[in-house]
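Chemist: Following this message is one structure expressed as structure tokens.
Residue numbers (the numbering used here), protein chains in the order written: chain A, 1 to 337; chain B, 1001 to 1337; chain C, 2001 to 2337; chain D, 3001 to 3337.
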């Protein structure tokens, strides 16, 4: 880390900082500049005590970390990139994977109809929430175990892998029985107890970026999963919260490019949450393919206007078919299949 | 809700929307304006199906809710405001309550020394994290059960009530044994499984506002607690995430005034998280008292520069004493004691 | 507009609101709901007085506009979309336009070398700042008139059209003499005096989105230009300010799709400002083409490490050549040329 | 500045960076750490070329400035703080100054009635917009010169100093004739041409913080004024743009405390813009006094429901009187008068 002193820091103050740096396990290296002194504190910033506490000392202006805080997820750990094979399909490889399905599992007919349609259009995984995180306690909370069983049925018929969200540590084992990929939603992206429980299940984890999560924090949440013994993480950009109100979130495609450069993990995009409006989903899918994401997770519903959650952002079965067709040239342009 | 049609919506489109509104349990009332039609959909917006799904219909421009989504926490439910008596002290009454203590419980000497000092300076509750939510898995995660026992010891000697965070559903019972107030942190403010588990413990809940949580969402998280049978909630504003980088968060004191007007729950402020820098804490405490919050939760540490978490924002014992003295005239100006 | 009353608004309060609505030129239409009364106020929201002032009346909870505030820029005004021919090239047509050049014009050799290279690689316009808006008064403020003359020279040799920023009303005439397209930068996107002066010059206007501008506000700034007699506006998304710090801005490609749907104006993207880092520019260009923008404005410099402004985000001449080659399949996939 | 190299930067890359640092006028000082090399570049960061351009070099990870970019406005330049005497009243001294008046000057009766009332309640300056920056071109743009004359009349009768906004370089001389304090609004806070023109008028400048302006940028805009020969700047916090929608802006009172610490300039607060709703203004005024701001600028209107701009946030004359009375104990608690 770099400790920047204030312009008029006294000799005594500087010496006290140097002593403290040593005490906290780093080797200090002071440099006198034109206006102020800076001290480079040499040592492993992950293993040692954080030096940011030094800002509470007199004479200290700021402390700036220079190392990455994550290690296992870092691109340097695996420069070629990780390929995860799940239910026979590879994330992070040449194939562009499409996960599709309703926001919530609502009924057998709804999920079966959707599963058949998205399979036919080219999706390889089926999504559908059985446990739903809802802003209000009065909103539909999902069919729970019943919903999981319906997903199982859809998988049995179509062969599609299952992606579904887990909300509670106590449900991890149950959900892991049915899911090929456990989804950790944006609201739980820093629910570390859940991340650790999900990691221990051994299932692949789809880790959504939190609503106001810096990319570094997102990668550190992934680091929680890897450091608890589970290397199977797929990152998912789903829009961040900004001041704009015409869209539910602001899809941050730059974050996809950056995450791909910083880590070796596959990165996919959720354009449905990103836009919050179905009319923008198709355009965002194309842009996601173009920015070299590894796939998409798209909300599809046979009858969005009567959906029990997030109807405004779900596309119909026929819109999905059209979208998949229109998407192809962009996948090809990205040298994917 | 108000359903706004597009300027050139056809008669057939309008009729389809009206049919759907009826089907979803509302009574439609169409009004033709200069440029477009709007349909008021009369019905209880909480009990019925959301109409926002209608934006997926052709001809619909937007759907605007007109009712509040929360009920139990609403000021109308208890216009005089709720007073919660916890460990003999009242939140939401005339007395301005101060909760103080270290970010993390680190050792017996640290917590005992702090407890004595904050008690002497006028605090009525002791805070201290035993389970710590840390952005990185490599950072200090708290003393856990051992930390809770140290808090118990501090309470036994000083009589201070205990406020401590719970991170996991599985720890709720354990933490509730030691805590007078269970803290739900910003990262878990929409961890509904944890909110429900904490509600069921019966303990008072200190509910921090999430980092990018709209006030409405914050109140709906409180609604989760009340609707699961626990009326003892204290709201806590702790700063929101914005583009500013000189402070860790942007303390939103307007939200305190607004939350006090919208709900009957006590509202306190965490200026330590709000600023992320100890030099601003005192000024923010004064402003918090002036805006008529019901109290403060302040991070205090005997030796911040060696704190195991968040040293930059913790004040020393002597700074805390000075702060409490300087705060008095503002508490008095707010007609509190 | 819709005026939403509070749940317990009295008859007298409602009547007062109705009287006031009439007085302000609207026709009121009251509807009694389950919980509260709403009043639809019928009338042209642009021509009449705003009703938002009614929120200062007792009993009023909120006022919600239902109409768009812009008209001339609205897609409805020109459903097929506007095509602007500038210096022989069409914005908003089938051809994907690329504007390229250095952040600042720095010297004759710098601008000539860049102009030749970007022309060769396929750009149709040359960008280069002669007047530079700099956050600090101590930073390079541009070569001013001298810079404009160098741009003229580059145009004379290469035939490239010139895009350059104007900062001051007093410089509009001067800059308009040299520029084919006057750029209004993000910091001046609500500098209405400058917008009006630029509009009156008759030159095409490249209107960047302000750093924290809602899409509606951006379109209203364009409406200033059109309503002052100049129909030649190109919108430019260049990233918005968010909490993320790894990139200078967050490129909002959803806003491009939305602006294309809401207006008939051409919309282009500035990936250099959007990322603030040259390593992400190429990926963002591809995504911009995929989302169906009408073109790009890219910062290119022969020697970014010694650039006098924004070196971190400028690509080299050879990187630009490579980028243009890689971009082609995506332009083709978007059915552009 | 500190140049941080990538973990595996080669010797050749490091040497190239060192050569470039020297070439750009700094003295390099390389330090080899555990994981990577950092190079401290010693020199005046304001006078020399920025080194951020070095991030375009291979092997460079990031460049971190260590010095403040502003100088004249820095607290170190005048540790005791600046006191500005304007129309016989001192900003930055012991007296808490209140500027009050309507958003827009609308008529003689409106401004005279307001002036008398705010004077009686204790305000020392009258605010009122004659030139109005409006988001839409169809909204009321102010009475312009006629409005200035009305302000002059109000000053003649009441003796109140005049604060009014200037929008255009071309109007600076005219507005400066009538105004004691020229207001630069949030939308023009980085309109450097206007800042320079206003600086040259010699009038005191009230500089509002831009909607998404970092504190550093705000101080650099003030630096523009001081470095163009005008030391009379008052900073004004007026809320920043965030994701919250229940308030028009998020009032950032922490920024007031920070600006007071970082600069020697007086800092006041605009709670009317900060909240955008009149019911929160009084509470925010108290908090502003408590955080040790030097004053307030408050929107007051005889009949807000018919105001021609921003009616929702203006308080009535009687609300203002009450507010001023309630504010007194907080001003006293802040040791002001």
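C-beta: ideal position from N, C-alpha, C; glycine also.
So is residue 1011/B buried or exposed if we call it buried at 16+ other beta carbons inside 10 Å?
Modeler: With fewer than 16 other Cβ atoms within 10 Å, it is exposed.
Chemist: Leaving aside the five residues before and after residue 3202/D along the sequence, list all residues of the same chain whose C-beta is less than 7 Å from its C-beta, in chain order.
Modeler: Only 3230 meet the Cβ criterion.
Chemist: Compare the Cα-Cα distances from residue 2177/C to each of 2236/C, 2136/C, 2161/C and report the closest residue.
Modeler: When each option's Cα is compared against that of residue 2177/C, the closest is 2161/C.
Chemist: Using the Cα positions of residue 3283/D and residue 1290/B, report the straight-line distance between them to the nearest angstrom.
Modeler: The straight-line gap from Cα to Cα measures roughly 7 Å.
Chemist: Determine, using beta carbons only, whether residue 1249/B and residue 1276/B come nearer to each other than 8 Å.
Modeler: Yes, the Cβ-Cβ distance between residue 1249/B and residue 1276/B is below 8 Å.
Chemist: Could you pull the DSSP bridge partners for residue 1086/B from this structure?
Modeler: Answer is 1089/B, bridged to residue 1086/B.
Chemist: Check whether the region 2106 to 2120 of chain C touches the region 2154 to 2174 of chain C, taking contact to mean three or more Cβ pairs, one atom from each stretch, closer than 8 Å.
Modeler: A contact exists between the region 2106 to 2120 of chain C and the region 2154 to 2174 of chain C.
Chemist: Give me the Cα-Cα distance between residue 2300/C and residue 2240/C, rounded to the nearest whole angstrom.
Modeler: Distance between the alpha carbons of residue 2300/C and residue 2240/C: 21 Å.
Chemist: Give the residues of chain A in contact with residue 1341/B, contact being defined as C-beta atoms less than 9 Å apart.
Modeler: No answer is possible for residue 1341/B: it lies beyond the span of chain B, which begins at 1001 and ends at 1337.
Chemist: Under 6 Å Cβ to Cβ from residue 3021/D, same chain only, skipping five residues before and after it: list those, please.
Modeler: Taken in chain order, the residues that qualify are 3028, 3041.
Chemist: Would you verify that the beta carbon of residue 3136/D is, or is not, closer than 8 Å to some beta carbon of chain C?
Modeler: Judged by the 8 Å Cβ criterion, residue 3136/D is in contact with chain C.
Chemist: Give the interface partners of residue 311/A over in chain B, defined as CB-CB distance under 8 Å, in chain order.
Modeler: Result: 1050, 1052, 1053, 1054, 1055, 1056.
Chemist: Using a Cβ-Cβ cut-off of less than 7 Å, list which residues of the region 187 to 214 of chain A approach chain B; keep chain order.
Modeler: The residues in question are 187, 188, 190, 191, 192, 193, 211, 212.
Chemist: Would residue 1314/B pass as an interface residue toward chain A - the criterion being a Cβ-Cβ separation below 8 Å?
Modeler: So yes, residue 1314/B belongs to the interface.
Chemist: For chain B, find out if any of its Cβ atoms is closer than 8 Å to the Cβ of residue 3222/D; answer yes or no.
Modeler: No, residue 3222/D does not count as interfacial toward chain B.
Chemist: Taking DSSP as the reference, what is the three-state secondary structure of residue 1423/B?
Modeler: The structure shown does not extend to residue 1423/B, since chain B is modelled only from 1001 through 1337, so no value can be given for it.
Chemist: Taking the straight line between their C-alpha atoms, what separation do you get for residue 1234/B and residue 3056/D?
Modeler: Taking the straight line from one Cα to the other gives about 50 Å.
Chemist: Residue 1948/C CB to nearest chain B CB: under 8 Å?
Modeler: Lying before the first or after the last residue shown, residue 1948/C is absent from chain C, which here runs from 2001 to 2337.
Chemist: Got a sec? Which residues, its chain only, sit under 6 Å from residue 1307/B by beta carbon, not counting five neighbours each side?
Modeler: Closer than 6 Å at the Cβ level, and outside the excluded window around residue 1307/B, lie 1301, 1314.
Chemist: Spatial neighbours of residue 2072/C within its chain, please: CB distance less than 7 Å, with the 5 preceding and 5 following residues excluded, ordered by chain position.
Modeler: Counting only Cβ-Cβ distances below 7 Å, and skipping sequence neighbours, we find 2223, 2226, 2227.
Chemist: I'd like the ranges of any beta strand (DSSP E) spanning at least 3 consecutive residues and lying wholly in the region 3195 to 3222 of chain D.
Modeler: Whole beta strand (DSSP E) segments, 3+ residues: 3204 to 3208.
Chemist: DSSP three-state call for residue 2320/C: helix, strand or coil?
Modeler: Note: residue 2320/C maps to helix in three-state DSSP.
Chemist: Thinking residue 1164/B and residue 1151/B are a contact (beta carbons under 8 Å), I'd like their distance in whole angstroms, please.
Modeler: At roughly 6 Å, the Cβ-Cβ gap stays under 8 Å, so residue 1164/B and residue 1151/B are in contact.
Chemist: DSSP three-state label for residue 3073/D, please.
Modeler: If DSSP states are grouped into helix, strand and coil, residue 3073/D belongs with coil.
Chemist: Taking residue 1133/B as the query, report the chain A residues whose CB atoms sit under 8 Å from its CB, ordered along the chain.
Modeler: Near residue 1133/B (Cβ distances below 8 Å), the residues of chain A are 190, 192.
Chemist: Roughly how far, in whole angstroms, is the beta-carbon of residue 1288/B from the beta-carbon of residue 1296/B, given that I think they are within contact range, below 8 Å?
Modeler: That belief holds up - the Cβ atoms of residue 1288/B and residue 1296/B are roughly 6 Å apart, short of 8 Å.
Chemist: How do the region 3057 to 3067 of chain D and the region 28 to 39 of chain A stand: do at least 3 beta-carbon pairs fall below 8 Å, yes or no?
Modeler: Segments in contact, yes.
Chemist: Taking 8 Å as the CB-CB limit, is residue 3095/D close to chain B?
Modeler: Closer than 8 Å: no.
Chemist: With distances taken between CB atoms, is the gap from residue 1098/B to residue 1115/B smaller than 8 Å?
Modeler: Cβ distance not < 8 Å, so residue 1098/B and residue 1115/B don't count as in contact.
Chemist: Determine the extent of the beta strand (DSSP E) in which residue 1161/B is found, giving its start and end residues.
Modeler: Taken as a continuous stretch (DSSP letters only), the beta strand (DSSP E) holding residue 1161/B covers 1161 to 1165.
Chemist: Could you work out which residues of chain D lie near residue 247/A, taking near to mean beta carbons separated by less than 7 Å?
Modeler: What residue 247/A touches in chain D: nothing, since even the nearest Cβ is about 12 Å away.
Chemist: Of all the CB atoms in chain D, is at least one closer than 8 Å to the CB of residue 1001/B?
Modeler: By this cut-off, residue 1001/B is not an interface position.
Chemist: List, in chain order, every chain C residue whose beta-carbon is nearer than 8 Å to that of residue 3304/D.
Modeler: In chain order: 2053, 2056.
Chemist: Does the beta-carbon distance from residue 3205/D to residue 3255/D come in below 8 Å?
Modeler: Cβ distance not < 8 Å, so residue 3205/D and residue 3255/D don't count as in contact.
Chemist: To the nearest angstrom, report how far apart residue 3080/D and residue 3094/D are at their CA atoms.
Modeler: Near 13 Å, if we compare the C-alpha coordinates of residue 3094/D and residue 3080/D.
Chemist: Tell me the rounded alpha-carbon separation between residue 139/A and residue 2076/C.
Modeler: Using only the alpha carbons, I get a separation of about 37 Å.
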